[in-house]
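Engineer: This is the structure I have questions about; it appears just below.
See the structure below:
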């Protein structure tokens, strides 16, 4: 269900059942095939911002994965509600819509 994402010459395909596959965009050669650490059901499409992929689940997590040729999960953030809509980004704010809430997430400032 999620739409593939082309970012920095890599095509990322998130499968509904919790797998992500990265392909070289020029040749179509697979770079890696991995499963997300906590699994999940994926309906919303991944987005990319500042070298990171954000991949939400119907179970209410947002995986943060480093963009690039090696799979590296940076974080799994709990939203607390299903996320079935693709997140959006504007002026450094990540907008996430759940069935009951519109969340505006930004980097913690110290």
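Numbering (our numbering), first residue to last: 83 to 192.
C-beta atoms are modelled at their ideal positions from N, C-alpha and C, and glycine is treated no differently.
Quantities reported herein were computed from a predicted structural model and do not represent experimental measurements.
1) Rounding to the nearest angstrom, what Cα-Cα distance links residue 134 and residue 163 in this structure?
2) Determine the closest residue to residue 106 out of 130, 115, 120, with distance taken between C-alpha atoms.
3) Output the residue ranges of the beta strand (DSSP E) runs that lie fully inside the segment 83-151 and measure 3 residues or longer, sorted by chain position.
4) Using the rule of at least 16 other Cβ atoms within 10 Å of the residue's Cβ for burial, across every protein chain shown, is residue 118 buried or exposed?
5) Under the three-state reduction of DSSP, which class applies to residue 161: helix, strand or coil?
6) For residue 167, name the three-state secondary structure that DSSP assigns.
7) Beta-carbon separation of residue 166 and residue 151 under 9 Å?
8) If you drop the 5 nearest sequence neighbours on each side, which residues of the same chain put their C-beta closer than 6 Å to that of residue 129?
Structural biologist: Put simply:
1) 22 Å
2) 115
3) 87-89, 92-96, 101-106, 112-117, 129-131, 134-138, 143-148
4) buried
5) coil
6) coil
7) no
8) 136, 169
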